[in-house]
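Numbering (the UniProt record's numbering), first residue to last: 1 to 513. Ideal Cβ positions, reconstructed from N, Cα and C, are used throughout, including at glycine. Just so you know, these numbers come straight off a predicted model, no measurement behind them.
Written out as structure tokens, the structure is:
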């Protein structure tokens with residue numbers, strides 16, 4: 001049991017210079033920003049789910065062979081309210097909060113009334129995203145908090161709803177080569193018919209008057225829900241040179257349950273359910289026209305959180321996902337589950353669906369004379385199929401690339417382009433990741449790195465300045481608030497720069513493996 005995974009972190013507001021053993025590539029200059037849960041209890045109250053912890057923003061500045069670290073808690077309205085009350089007073093994904101029992105009956109009644117329509121937390125702990133020249137801590141709700149990327153100060157809270165008609169939005173946008181930002185949201189309440197919304201924020205959206213870049217947001221298109229009361233949950237989406245790929249999965253949000261969660265004493269996380277009897281719809285949207293391709297692409301039901309990459313080849317759209325056969329992943333990260341000994345955890349979660357990296361292929365040009373039950377995929381390097389049905393729809397079955405990997409990262413210069421490698425954390429029978437992997441799609445082989453007492457997380461790829469090959473680069477990992485790792489794959493050797501923060505002790509280690 002690794003208790004530091006849910007122990008309260010501490011701020012390091014002033015730059016802390018790390019002691020470096022070995023050397024850091026001299027060309028590595030700049031700052032890496034990371035985000036994640038860092039505060040799990042306030043006063044005598046504690047969060048129930050690991051995804052609920054209050055956001056702690058980290059920065060790693062690389063300059064002339066030195067590394068400087070600092071961190072600050074996101075000073076969201078949620079943070080301010082909780083700290084002022086010395087208890088958790090704002091509900092989160094897995095922790096529903098109720099009125100202070102010391103309040104009188106009228107105050108309690110008012111609290112229940114205010115929660116009839118959820119006003120979500122602004123504890124933005126998932127990612128740092130950029131709109132124009134503005135940087136925001138983000139999660140998946142309507143609120144985002146602008147931060148100063150240099151000082152890590154929280155500047156201003158922004159409500160998506162003031163700029164575009166959405167209630168929820170992803171924390172995983174895409175950026176094109178011009179610097180434009182693409183993202184997706186969900187319009188549920190107060191915005192007419194429920195729909196999914198795809199939008200774009202231009203690279204030059206930040207003006208001289210420093211008005212929010214979101215003020216220049218452009219809606220690309222909207223896609224109506226298949227089911228008004230059960231919209232699909234989505235954590236990310238895919239993008240190629242000409243298309244946006246939206247997977248309308250069978251993992252759904254129960255709107256009525258969400259609206260009444262507070263009264264029924266259930267958390268918001270319980271409002272998400274996987275419908276194993278449904279199908280998965282795949283929407284293909286033109287980035288230029290905003291029109292959805294009329295062909296109906298569908299697949300068997302699965303759960304997806306992360307897209308790996310997508311591209312176009314020979315009149316096909318190819319996209320890679322990490323899929324699950326159920327929605328039990330969230331349950332793994334309830335704190336009471338994480339506190340179990342590994343053996344007990346394995347027994348409790350023996351039916352857990354492992355993440356599987358899969359490739360889907362969508363044919364774009366369909367000959368009307370093609371007979372039904374024909375596989376339309378003509379690419380030679382995949383076993384993915386797209387079978388034409390009598391009604392003109394296309395049933396897609398994937399090609400499995402790799403099993404047991406999550407939090408994928410790529411060389412982002414190859415985003416929306418044909419690529420060969422991706423990186424991520426190996427997922428085995430533990431809530432604590434201990435390995436990283438580099439997967440070669442062409443050869444279907446992988447390399448693994450593991451080190452005692454190291455717990456890597458999501459990779460961030462930084463290309464070498466004179467890189468020729470796709471994988472000639474530095475890529476980084478971090479586990480927010482606990483252990484931070486920087487990795488460089490050079491000449492078939494892995495250079496590891498690990499910044500370790502255990503119980504207030506901080507140091508930087510470097511070793512050549």
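Item: If we ignore side chains and look at the alpha-carbon of each, how far apart do residue 131 and residue 170 end up?; Value: 13 Å
Item: Tell me the DSSP bridge mates of residue 146?; Value: 136 and 156
Item: Could you give the distance in angstroms between the alpha-carbon of residue 466 and the alpha-carbon of residue 27?; Value: 10 Å
Item: Taking only runs of the beta strand (DSSP E) that begin and end inside the stretch 441-471, which ones reach a length of at least 3 residues, in chain order?; Value: 445-450 and 460-463
Item: Let me confirm a value: residue 371 is counted as buried when at least 16 other C-beta atoms fall within 10 Å, else exposed. Which label applies?; Value: exposed
Item: Expressed to the nearest angstrom, what Euclidean distance is found between the alpha-carbon atoms of residue 164 and residue 257?; Value: 25 Å
Item: Report the residue from 6, 313, 42 and 249 whose alpha carbon sits nearest the alpha carbon of residue 301.; Value: 249
Item: Considering only DSSP beta bridges, list what residue 181 is partnered with.; Value: 175 and 201
Item: Distance check for residue 211 and residue 145, CA to CA, integer angstroms please.; Value: 14 Å
Item: Quickly, what does DSSP pair residue 54 with across the bridge? List them, please.; Value: 39
Item: Out of 50, 198, 206 and 458, which has the shortest C-alpha to C-alpha gap to residue 134?; Value: 206
Item: For residue 187, collect the residues of the same chain with a Cβ closer than 7 Å to its Cβ; drop the 5 residues on either side in sequence, then sort them by chain order.; Value: 165, 166, 167, 194, 195 and 197
Item: Our contact map puts residue 416 next to residue 241 with C-beta atoms below 8 Å; I'd like the distance itself, whole angstroms only.; Value: 5 Å
Item: Considering only the alpha carbon of each residue, which of 279, 462 and 423 lies closest to residue 445?; Value: 423
Item: Buried or exposed, going by whether 16 or more other CB atoms sit within 10 Å of the CB of residue 36?; Value: buried
Item: Here's the rule: buried if 16 or more other CB atoms are within 10 angstroms of the residue's CB, otherwise exposed. What is residue 380?; Value: exposed
Item: Helix, strand or coil for residue 337, going by three-state DSSP, please let me know.; Value: helix
Item: Using beta-carbon positions only, say whether residue 92 and residue 122 come within less than 8 Å of one another.; Value: no
Item: In angstroms with no decimal places, state the Cα-to-Cα distance between residue 337 and residue 331.; Value: 8 Å
Item: Determine the closest residue to residue 7 out of 21, 47 and 143, with distance taken between C-alpha atoms.; Value: 47
Item: Count the CB pairs spanning the stretch 347-364 and the stretch 322-329 that are closer than 8 Å, and state whether there are at least three.; Value: yes
Item: Is residue 66 helix, strand or coil by DSSP?; Value: strand
Item: In its own chain, which residues sit with a C-beta less than 6 Å from the C-beta of residue 39, not counting the 5 before and 5 after it?; Value: 8, 53 and 54
Item: According to DSSP, is residue 13 part of a helix, a strand, or is it coil?; Value: strand
Item: Among 449, 49, 181 and 213, which one has its Cα closest to the Cα of residue 534?; Value: Lying outside 1 to 513, the shown extent of the chain, residue 534 is not represented and no answer is given.
Item: Using DSSP with H/G/I as helix, E/B as strand and the rest coil, what is residue 369?; Value: coil
Item: Return yes when the Cβ of residue 303 is within less than 8 Å of the Cβ of residue 310, no when it is not.; Value: no
Item: For residue 225 and residue 232, I'd like the C-alpha separation in whole angstroms.; Value: 8 Å
Item: Comparing alpha-carbon positions, which option in 400, 398 and 368 lies nearest residue 389?; Value: 368
Item: At the level of alpha carbons, what is the spacing between residue 138 and residue 153?; Value: 15 Å
Item: Which of the three DSSP states is assigned to residue 71 in this structure?; Value: strand
Item: Could you have a look at residue 60 and say whether DSSP puts it in helix, strand or coil?; Value: strand
Item: Verify whether the separation of the beta carbon atoms of residue 280 and residue 221 is less than 8 Å.; Value: no
Item: For residue 81, which residues of its own chain have a beta-carbon under 8 Å away from its beta-carbon, when the five flanking residues on both sides are left out?; Value: 89 and 90
Item: Please go through the same chain and pick out, in chain order, the residues whose beta-carbon is closer than 6 Å to the beta-carbon of residue 458, but skip the five residues on each side of it.; Value: 407
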